[in-house]
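The block underneath contains the structure these notes are about, expressed in structure tokens.
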Amino acid sequence: MDKDRIAGSAKDFAGKAEGALGEATGDAQTQASGRAREAAGTVQNLYGQAKDAARSVSDAASGYAKDAYENSGDTLRDGSQAVARKVQDNPLGALLIAGGIGFALALLMTRPPRRPPPRWRYYG
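For the record, in the sequence shown the residue sitting at position 123 is 123 according to UniProt numbering, with numbers rising by one throughout.
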């Protein structure tokens, strides 16, 4: 639990008590001050809740990243073994796929030569 949540709850409670006291005595200034303190406490409590949520999300994300890093070797090994099995089962298909990928990359990496713009001259 965040200290902002604790302080916000305390301000909220104090503001409610002050507002009730102002309402009981008929003092509008005390009642308004209590409502303002209550609102400030609510905002501070919500801020603390947001900080707690962000902290829990970042902890979960770092946990997922840590697990992915620790298991990345296994995943890579499993994937390369699966590809090796597919190539051994169907070598002609693997060769055609590799050739197609190479051809596509060659088309993407080459471009037509730049031609200078035509020069229009008017002799008149």
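Cβ coordinates follow ideal geometry from the N, Cα and C atoms, glycine included.
(1) Just list the beta strand (DSSP E) runs in the stretch 45-115, keeping only unbroken ones of 3 residues or longer that don't cross its boundaries, in chain order.
(2) Is the separation between the beta-carbon of G48 and that of D12 shorter than 9 Å?
(3) Going along the chain, which residues of its own chain have a beta-carbon closer than 7 Å to the beta-carbon of R35, five neighbours each way excluded?
(4) Between W120 and G79, what straight-line distance do the alpha-carbon atoms span, to the nearest angstrom?
(5) Does DSSP put R35 in a helix, in a strand, or in coil?
(6) Let me confirm a value: E38 is counted as buried when at least 16 other C-beta atoms fall within 10 Å, else exposed. Which label applies?
(7) First and last residue of the alpha helix (DSSP H) that includes R5?
In terms of the structure at hand:
(1) DSSP runs (the beta strand (DSSP E)) wholly in the stretch 45-115: none.
(2) Cβ distance not < 9 Å, so G48 and D12 don't count as in contact.
(3) By the criterion of a C-beta distance shorter than 7 Å, R35 is surrounded in its chain by G15 and G19, once the five residues flanking it on both sides are discounted.
(4) Roughly 59 Å between the two C-alpha positions.
(5) Note: R35 maps to helix in three-state DSSP.
(6) By the 16-neighbour rule on beta-carbons within 10 angstroms, E38 is buried.
(7) For R5, the enclosing alpha helix (DSSP H) starts and ends at K3 to T25.
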